[in-house]
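**Student:**
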Amino acid sequence: MEYEIDFDSEAEIAIVRTSGVASLEGFSAYLRSLISDPRWRRGMDVLSDHTALEAGNLTAGDIEALVAVHYPFAHAIGPGLCAIVCGSSLKFGLARMFDAHASLQLPFMSRIFTNVDEALVWLREGNRVGDAESLEAR
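For the sequence shown, the positions run 386 to 523 when the numbering used here is used.
(1) Looking only at its chain, what residues have a beta carbon closer than 6 Å to the beta carbon of Phe392, apart from the 5 residues adjacent to it on each side?
(2) Quick check on the burial criterion: 16 or more other C-beta atoms within 10 angstroms. Buried or exposed for Tyr380?
(3) Could you give the distance in angstroms between the alpha-carbon of Thr499 and the alpha-carbon of Ser408?
(4) Return helix, strand or coil for Asp343, following the three-state DSSP convention.
(5) So which of Ala480, Arg426, Thr403 has the shortest CA-CA distance to Thr436?
(6) Within its chain, find whatever has a CB closer than 7 Å to the CB of Ile497; leave out the 5 residues flanking it on each side and keep chain order.
(7) In angstroms, rounded to a whole number, what distance separates the CA positions of Arg523 and Pro492?
(8) Given 8 Å as the limit, is there contact between the segment 411-426 and the segment 441-448, that is, 3 or more CB pairs closer than that?
(9) Pick out whichever of Glu410, Leu466, Gly405, Glu389 has its Cα sitting closest to the Cα of Trp507.
(10) What's the gap between the Cα of Phe458 and the Cα of Arg427?
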């Protein structure tokens, strides 16, 4: 699994693009790279673009394990927003499973999208009042 991390300093959003065959090790590596980047700030919003990721090998058990992969990084990630872009119905379903588990165990709020443009609108202008209230309740 490969990944690329960029930062939109104007919008204060971290952008992660993944490709290749999905793996728990790959997700762990990108999380480690993300939070150790000097441009990262705890609670920063993230656009996770998985449209080029091959996820057909992932099982329901892998999705639960993927939530656990986030545990060591949870404090450093903090209570930001995470827009997950899928691009296919299979990845959309897997992302919904991730979101169902993550929403109960991780400090950030995620929402799933089928395209980058919708995800960016949510991150830049989205339901900030409702989202902020939800995050404070965690």
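Every residue gets a Cβ at the ideal spot worked out from N, C-alpha and C, and that includes glycine.
**Tutor:** Let me spell this out:
(1) As a working note, residue 392 is residue 7 in the sequence shown. Correct list, in chain order: Ala399, Arg424.
(2) Here the chain has residues from 386 to 523 only, and residue 380 is not among them.
(3) Numbered from its first residue, the sequence shown carries residue 499 at position 114. Numbered from its first residue, the sequence shown carries residue 408 at position 23. Looking at the two C-alpha atoms, the distance is approximately 21 Å.
(4) Beyond the ends of the chain as shown, which are 386 and 523, falls residue 343; an answer cannot be given.
(5) Your numbering for residue 436 matches position 51 in the sequence shown. Comparing alpha carbon positions, the residue from Ala480, Arg426, Thr403 closest to Thr436 is Thr403.
(6) Against the sequence shown, residue 497 aligns to sequence position 112. Ile469, Cys471, Phe477, Ala480, Arg481, Asp484, listed in sequence order.
(7) For the purposes of this step, residue 523 is taken as the residue at position 138 of the sequence shown. For the purposes of this step, residue 492 is taken as the residue at position 107 of the sequence shown. Confidence in Arg523 is poor, its pLDDT being 46 and thus under 50, which makes the residue's placement unreliable; the coordinate value appears in the next sentence. Whole-angstrom Cα-Cα distance: 7 Å.
(8) no
(9) Stepping through the sequence shown from its first residue, residue 507 is reached at position 122. Out of Glu410, Leu466, Gly405, Glu389, Leu466 has the C-alpha closest to the C-alpha of Trp507.
(10) What you label residue 458 is simply residue 73 of the sequence shown in a count that begins at 1. What you label residue 427 is simply residue 42 of the sequence shown in a count that begins at 1. One C-alpha to the other measures close to 10 Å.
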